[in-house]
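K.L.:
I am attaching a structure below and will ask some questions about it afterwards.
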Amino acid sequence: MHRETIVLGGGCFWCTEAIFTMLKGVVSARPGYAGGHVANPTYKQVSTGTTGHIEVIEVVYDPDQLSFEEILHVFFDTHDPTTPNRQGNDVGPQYHSAVFYTTDRQKEKTEHYIGLIKNKFTKPIVTTVAPLDMFYLAEDYHQQYYEHHKDAPYCALVIDPKIEKLETKFKNLLK
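Add 3 to a position in the sequence shown, counting from 1, and you land on the number used in the working numbering.
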């Protein structure tokens, strides 16, 4: 199986992980941190907004089953790429929209895709597109958070509506 990796920041990593683990061709979606200046950051450090890190997920996928364009489509449709440092009630620089690419092809395709969709929004897209420098895996209790806490209020109020949208709009991409 051929594999590629992309790192995405779409707000709270619990939401983004829950969405991407449902897609066919996704081998793994792991929450973590990227884009900052602190080595081996903790959730507590990142939550202060002073590390420069963004809550992200590392998506390892099979491009023969799920195209990069499909990943971008799901990513930009399941969060608001026009709100700097915020997704809904989650506020702070750690919730900024970002694509950390691992190949030049991913960079080009992401920039092209943003150009195609920018007129669908009333505000400018603020998504950072940058090379992945380092991905730091989040603490164990963040891994598969939605899977283990589906009844938690945050999951019911924030993640469930995103899952419903995914199941309605992207049925053909689900496992």
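Ideal placement from N, C-alpha and C gives every residue a C-beta, glycine not left out.
As the structure is a computational prediction, the values presented were derived from the model and not from experiment.
Which residue spans inside the segment 114–140 form an unbroken beta strand (DSSP E) run of at least 3?
P.N.:
Whole beta strand (DSSP E) segments, 3+ residues: 131–134 and 138–140.
K.L.:
State the DSSP-derived secondary structure class of LEU69, mapped to helix, strand or coil.
P.N.:
Of the three classes helix, strand and coil, the one that applies to LEU69 here is coil, per DSSP.
K.L.:
Taking DSSP as the reference, what is the three-state secondary structure of ALA159?
P.N.:
Residue state, collapsed to three classes: helix.
K.L.:
Mind checking whether LYS165 and THR81 have CB atoms under 7 Å apart?
P.N.:
In contact: LYS165 and THR81 (Cβ atoms closer than 7 Å).
K.L.:
To which residues does DSSP link SER100 through a beta bridge?
P.N.:
Answer by DSSP bridge pairing, in chain order: GLY13.
K.L.:
Would the segment 147–156 count as touching the segment 50–62 if we require 3 or more Cβ pairs under 8 Å?
P.N.:
Short answer: they don't touch.
K.L.:
Buried or exposed: which applies to VAL102, given that a residue is buried once 16 or more other Cβ atoms fall within 10 Å of its Cβ?
P.N.:
The residue in question, VAL102, is buried, as its Cβ has 16 or more Cβ neighbours within 10 Å.
K.L.:
DSSP three-state call for ASP93: helix, strand or coil?
P.N.:
DSSP places ASP93 in strand when its eight states are reduced to three.
K.L.:
Can you find the residues in the same chain that come closer than 6 Å, C-beta to C-beta, to GLU20, ignoring five residues on each side of it along the sequence?
P.N.:
The answer, listed in chain order, is ALA32, PRO34 and ILE60.
K.L.:
Would you mind reading off the limits of the beta strand (DSSP E) that contains TYR64?
P.N.:
First-last of the beta strand (DSSP E) with TYR64: 57–64.
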